[in-house]
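Before any comments, here is the structure.
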Amino acid sequence: MTEKLEELEEIVKELKSKIGIEEDVGIKLKKFKLKLASVSLSKKVIYINAELIEKLDEKEIRYIIAHELLHIKHGVFHTTKFQQELTRLCGKDLHTNIVEKCKAMNVQD
Ligand SMILES: [Zn+2]
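So the sequence shown is residues 6 to 114, counted in the working numbering.
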């Protein structure tokens with residue numbers, strides 16, 4: 006579990022510089038029933054579903070972290086700018102993939 010968290014912290018660091026976020030952003034594993042991930046905009050902490058993280062590959066995990074980081078940059082809404090930047094970072098196919106996977110796992114993105 007600790008190893009996983011270190012891996013996640015590395016991904017956060019890398020994506021933060023790509024997105025252009027300078028403030029510290031923490032990442033924690035959390036037990037969610039339905040959610041894949043969430044972010045606290047006030048605390049600047051990303052929470053990742055501890056169980057589901059095991060079922061996703063690295064690309065998918067990167068996508069989820071990028072999504073939450075973009076909320077820190079753009080705010081709570083999935084605006085056009087938000088979507089465009091996510092597509093630029095992670096590609097469009099991945100979006101479709103992960104939405105399908107979320108549905109299959111009965112969680113929301
Ligand atoms: Zn979102």
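Beta carbons: idealized from backbone N, C-alpha and C, even for Gly.
Owing to the predicted nature of the structure, the values given are computational and were not obtained by experimental measurement.
query                                                                                                 : result
Separation of Ile66 from Leu74, as counted between CA atoms                                           : 12 Å
Residues that Val50 bridges to, as DSSP identifies them                                               : Gly31, Ser45
Cβ neighbours of Glu56 in the same chain (closer than 6 Å, five flanking residues each side left out) : none
Rounded Cβ spacing between Asn54 and Leu41 (contact assumed at less than 8 Å)                         : 5 Å
Distance cut-off 7 Å: His83 Cβ against heavy atoms of ligand 1                                        : yes
Element boundaries [alpha helix (DSSP H), containing Asp62]                                           : Counting along the chain, Asp62 falls outside any alpha helix (DSSP H), and DSSP gives it neither H nor E.
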